Amino acid sequence: AKKHVQLAYRVDFITRNEKSAQLVYSIKPAWGGIAAAVEFTAVYTTREDRKRIIIPGSAFFLFDDAGKIQRIRLYMLRDETAEIEQ
């Protein structure tokens with residue numbers, strides 16, 4: 407990437423009753439395959455000033471019966487972008 411380095415994405419943990427899990431929601435569409443959704447956090451460093459940035463987001467996938475991605479939609483919440491204090 408020209409503007410960013412050290413790009414990483416992680417599936418968010420959700421905790422309830424002192425138990426944590428990385429949730430991936432899935433369903434079988436009427437036409438076959440599988441659809442899945444997940445909440446994630448993107449983390450990257452700006453190349454210019456080396457600031458670490460986090461952005462929450464969500465991803466929605468459609469897979470065919472062979473497991474090949476047919477469609478993906480990524481949403482990243484720019485209004486909730488935050489700098490990581492180092």
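Under this note's numbering, residues 407 to 492 are what the sequence shown spells out, in order. We put the beta carbon where it would ideally sit given N, CA and C, even for glycine. Note that the structure is a prediction, hence the values are computed from the model and not measured.
Check, Outcome
"Residues sharing a beta bridge with alanine 427, DSSP", "Ile420"
"Helix, strand or coil at glutamate 489 according to DSSP, with G and I counted as helix", "strand"
"Short Cβ contact (9 Å threshold) for glutamate 454 with aspartate 418", "no"
"Same chain only: Cβ atoms within 6 Å of arginine 479, ignoring 5 sequence neighbours per side", "Phe466"
"8 Å CB neighbourhood of lysine 409 in its chain, flanking five on each side removed", "Thr452, Arg453 and Glu454"
"Sequence-distant residues of the same chain with beta carbon closer than 8 Å to threonine 456, five excluded per side", "One detail in the question is off: residue 456 reads as arginine in this sequence, not threonine. Nothing listed; no residue qualifies."
"Contacts around valine 430, its chain only, beta-carbon distance under 8 Å, and the 5 residues preceding and following it disregarded", "Val417, Ala442, Ala443 and Val444"
"Terminal residues of the beta strand (DSSP E) in which proline 462 lies", "458-469"
"Inter-residue Cα distance where the pair is isoleucine 490 and isoleucine 461", "10 Å"
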